[in-house]
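J.:
There are 2 protein chains.
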Amino acid sequence: MAKLIDKILGGNVKSATIADDYTEIDLSKYEEVLEDEPAETYIKIAEITNINQVAALKQEVYNGNILMIDISTIRSDELLRDRVLKELKDVVVDVHGDIAGVKGSTVIVTPTGVKIDRSKLIGGRY
Amino acid sequence: MAKLIDKILGGNVKSATIADDYTEIDLSKYEEVLEDEPAETYIKIAEITNINQVAALKQEVYNGNILMIDISTIRSDELLRDRVLKELKDVVVDVHGDIAGVKGSTVIVTPTGVKIDRSKLIGGRY
Chain B
1 MAKLIDKILG GNVKSATIAD DYTEIDLSKY EEVLEDEPAE TYIKIAEITN
51 INQVAALKQE VYNGNILMID ISTIRSDELL RDRVLKELKD VVVDVHGDIA
101 GVKGSTVIVT PTGVKIDRSK LIGGRY
Chain E
1 MAKLIDKILG GNVKSATIAD DYTEIDLSKY EEVLEDEPAE TYIKIAEITN
51 INQVAALKQE VYNGNILMID ISTIRSDELL RDRVLKELKD VVVDVHGDIA
101 GVKGSTVIVT PTGVKIDRSK LIGGRY
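Chains as they are written, first to last, in the numbering used here: chain B, 1 to 126; chain E, 1 to 126.
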């Protein structure tokens with residue numbers, strides 16, 4: 001399991017996401033068109049730092065939401081990271097969702113009916 | 001428009017995503033449970049380098065798929081970047097989807113029924 005995840009996430013953590021914080025696009029002038037429309041599915045951005053947060057994350061997936069989880073904080077803690085990923089995978093198997101790592105330290109977790117396309121749509125660099 | 005996007009994406013491009021390539025999580029042992037299940041929605045990872053790619057990206061959103069677009073290549077080209085983002089925003093307004101920038105040079109574009117939660121689920125750092 002640990003070896004698998006090491007292979008998955010790669011060895012070089014040093015160039016990870018410490019410096020490029022999340023930057024929200026402020027699309028306020030567009031949002032006035034879009035606001036107050038309830039959605040079936042939300043993409044939620046989360047950062048996980050300890051095991052106690054997993055329950056809330058799992059609940060989000062059961063609620064039908066997509067998670068983008070920053071695991072950079074726990075990436076070097078092999079035991080914690082494996083346990084978190086194991087818990088998330090259990091949900092994915094349960095709801096027939098999907099899970100994949102992108103961009104170094106981000107893990108996408110999807111609910112029923114949403115899959116992650118493994119082939120790159122455009123751009124052969126990756 | 002340009003000012004807005006500069007504000008959005010931040011000024012310091014230097015720490016962007018050049019080094020942290022996409023790393024797929026190889027969950028083959030889980031995928032044998034999940035394979036061959038058609039999904040309603042796919043999350044597609046794309047990289048945009050020129051304006052000719054926008055049509056295909058727009059079509060994906062019209063098809064109901066979610067895009068995670070790496071714009072790091074065009075980020076410093078203000079005219080191209082603004083045009084690409086304008087085109088993507090037009091689709092979002094059209095289908096009542098959503099658009100937001102996360103993690104420096106990644107833009108998420110969603111189709112009808114999927115919204116991006118602006119509040120961070122867990123973790124107050126961002």
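Note that the Cβ used here is the ideal one computed from N, Cα and C, for glycine as well.
1) Would you decide whether I51 (chain E) is buried or exposed? Buried here means 16 or more other CB atoms lie within 10 Å of its CB.
2) Output, in sequence order along the chain, the residues in the segment 101 to 117 of chain E whose CB is closer than 8 Å to any CB in chain B.
3) The beta strand (DSSP E) that contains K115 (chain B), what's its start and end?
4) Would you mind reading off the limits of the beta strand (DSSP E) that contains D98 (chain B)?
5) Indicate whether the contact test is met: 3 or more Cβ pairs, each with one atom in the segment 48 to 62 of chain E and one in the segment 95 to 114 of chain E, closer than 8 Å.
6) Residue range of the alpha helix (DSSP H) that K86 (chain E) falls in?
7) In this structure, does DSSP put Y22 (chain B) in helix, strand or coil?
8) Can you pull the chain B neighbours of A39 (chain E), defined as C-beta to C-beta under 7 Å?
9) Within the 8 Å Cβ cut-off, does K44 (chain E) reach chain B?
10) When burial is assigned at 16 or more other CB atoms within 10 Å of the CB, is L79 (chain B) buried or exposed?
11) Can you look up A46 (chain B) in the DSSP assignment and give me helix, strand or coil?
12) What residues are listed by DSSP as bridge partners for I108 (chain E)?
13) How many whole angstroms separate the CB atoms of I74 (chain E) and T106 (chain E), which I take to be in contact at a CB cut-off of 8 Å?
14) Locate the alpha helix (DSSP H) running through Q59 (chain B), then write down its first and last residues.
15) Between which residues of its own chain and I69 (chain B) is the CB-CB distance below 6 Å, once the five residues before and five after are set aside?
16) Who are the neighbours of K120 (chain E) on chain B, taking C-beta pairs under 9 Å?
17) On the three-state DSSP scale, how would you describe V33 (chain B)?
18) Ignore the nearest five residues each way along the sequence and tell me which others in K86 (chain B)'s own chain have a CB closer than 6 Å to its CB.
19) Look at V91 (chain E) and D98 (chain E) and say whether their C-beta atoms are less than 8 Å apart.
20) H96 (chain B) to L67 (chain B), Cα distance in whole Å?
21) Excluding the 5 residues flanking R81 (chain E) on each side, which residues of the same chain have their C-beta closer than 8 Å to its C-beta?
22) Is there at least one Cβ from chain B nearer than 8 Å to E32 (chain E)'s Cβ?
23) Alpha carbon to alpha carbon, how far is K115 (chain E) from E40 (chain B)? Give it in angstroms, no decimals.
T.: In short:
1) With fewer than 16 other CB atoms across the displayed protein chains lying within 10 angstroms of its CB, I51 (chain E) is exposed.
2) Answer in chain order: G101, V102, K103, G104, S105, T106, V107, I108, T110, G113, V114, K115, I116, D117.
3) Counting along the chain, the unbroken beta strand (DSSP E) around K115 (chain B) starts and ends at 114 to 116.
4) Note, D98 (chain B): beta strand (DSSP E), 98 to 102.
5) Under the Cβ criterion (8 Å, minimum of three pairs), the segment 48 to 62 of chain E counts as touching the segment 95 to 114 of chain E.
6) Start and end: 78 to 95.
7) Because Y22 (chain B) sits at a pLDDT of 49, beneath the cut-off of 50, its placement in the model cannot be relied upon, and the following sentence gives the value as read from the coordinates. Judged by DSSP in its simplified three-state form, Y22 (chain B) adopts coil rather than helix or strand.
8) Around A39 (chain E), the beta-carbon contacts reaching into chain B at under 7 Å are G113, V114, K115.
9) Output row for K44 (chain E): interface = yes.
10) By the neighbour-count rule (16 or more Cβ atoms within 10 Å), L79 (chain B) is not buried but exposed.
11) Correct three-state label for A46 (chain B): strand.
12) Answer is E:M68, E:A100, bridged to I108 (chain E).
13) No, I74 (chain E) and T106 (chain E) are not in contact; Cβ-Cβ is about 13 Å, not under 8 Å.
14) Unbroken alpha helix (DSSP H) run through Q59 (chain B): 54 to 62.
15) Here the set comprises A46, I48, V107.
16) Those are Y22, K44, I45, A46, E47, listed as they occur along chain B.
17) In this prediction, V33 (chain B) has a pLDDT of 46, which is less than 50 and means its spatial position is unreliable; what the coordinates show is noted afterwards. V33 (chain B) carries a helical assignment under DSSP once its states are collapsed to helix, strand and coil.
18) Answer for K86 (chain B): no residue qualifies.
19) No, Cβ-Cβ distance for V91 (chain E) and D98 (chain E) is not below 8 Å.
20) In a straight line, the C-alpha of H96 (chain B) is about 15 Å away from that of L67 (chain B).
21) Counting only Cβ-Cβ distances below 8 Å, and skipping sequence neighbours, we find I5, I71, I74, R75.
22) Only weak support is given to the placement of E32 (chain E): the predicted model assigns it a pLDDT of 41, under 50, and the question is left unresolved by the model.
23) So the alpha carbons of these two residues sit roughly 8 Å apart.
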